[in-house]
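A.B. asks: Be aware that the sequence shown starts at 0, since it is given in numbering that gives the first Met the number 0, and climbs by one per residue. C-beta: ideal position from N, C-alpha, C; glycine also. Every value quoted in this text rests on a predicted model; they were computed, and no experiment measured them.
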Amino acid sequence: MNEEIYQIKQLLNLYYSGLSSQIDEKCLDRYFADMKSVPEELIVDRDLYIASRKRPHIEVPEDLGPQLGLLIDHLERQEHTHNRGRRWITTGSVAAGVAIVISLATFFFFGSESNPYEITDPQIASF
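Below, the structure is given as structure tokens:
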């Protein structure tokens with residue numbers, strides 16, 4: 000019984016991922032057709048499987064493919080434009096950071112020299 004449940008779980012995983020074959024689905028149909036033999040741990044899966052098999056067939060319009068292609072192209076152009084703007088912001092931020100570092104380095108190296116005209120003696124400064 001445990002091996003049978005394991006096989007059913009594998010078939011359900013294939014079905015949920017969209018990789019099941021028609022043979023796999025027929026095996027699941029046969030297994031879930033007998034309501035009394037379904038273990039409690041597979042009841043939710045049984046209900047999901049049965050509900051998904053009863054869904055109506057959805058008709059896809061023929062012109063949907065080209066429309067989706069145009070939409071994807073439009074979104075890619077928007078993303079490219081957005082990335083270009085981000086690159087400018089990044090470049091500007093790096094340039095501003097470098098300018099700040101150069102300004103601070105210049106101030107500390109060249110601005111720290113004492114002024115020859117500065118009066119440092121307090122007695123002379125009091126006159």
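1) Apart from the five residues on each side of it in sequence, which residues of its chain come closer than 7 Å, Cβ to Cβ, to residue 124?
2) By the DSSP assignment, the alpha helix (DSSP H) with residue 65 in it spans what residues?
3) Three or more beta-carbon pairs under 8 Å between the region 1 to 9 and the region 37 to 47, yes or no?
4) At which residues does the alpha helix (DSSP H) containing residue 1 begin and terminate?
5) Could you give the residue range of the alpha helix (DSSP H) that holds residue 54?
6) Work out the CA separation of residue 33 and residue 26 for me, nearest whole Å.
7) Would you mind giving the Cβ-Cβ distance between residue 24 and residue 14, rounded to the nearest angstrom? I have them listed as a contact below 8 Å.
8) Straight-line CA distance for residue 80 to residue 62?
C.D. replies: Let me spell this out:
1) The count along the sequence shown starts at 1 and reaches residue 124 at position 125. 118, listed in sequence order.
2) If you number the sequence shown from 1, residue 65 lands on position 66. Start and end: 63 to 109.
3) yes
4) Position 2 of the sequence shown holds residue 1. 1 to 16 is the span of the alpha helix (DSSP H), which, as asked, contains residue 1.
5) Within the sequence shown, the letter at position 55 stands for residue 54. Neither: residue 54 is in no alpha helix (DSSP H) and is coded neither H nor E.
6) Position 27 of the sequence shown, counted from the start, is the residue given in the question as residue 26. Position 34 of the sequence shown, counted from the start, is the residue given in the question as residue 33. Taking the straight line from one Cα to the other gives about 12 Å.
7) Taking the sequence shown and counting its residues from 1, one reaches residue 24 at position 25. Taking the sequence shown and counting its residues from 1, one reaches residue 14 at position 15. About 7 Å separates the two Cβ atoms, so the contact holds.
8) Residue mapping note: residue 80 aligns to position 81 of the sequence shown, counting from 1. Residue mapping note: residue 62 aligns to position 63 of the sequence shown, counting from 1. So the two alpha carbons sit approximately 28 Å from each other.
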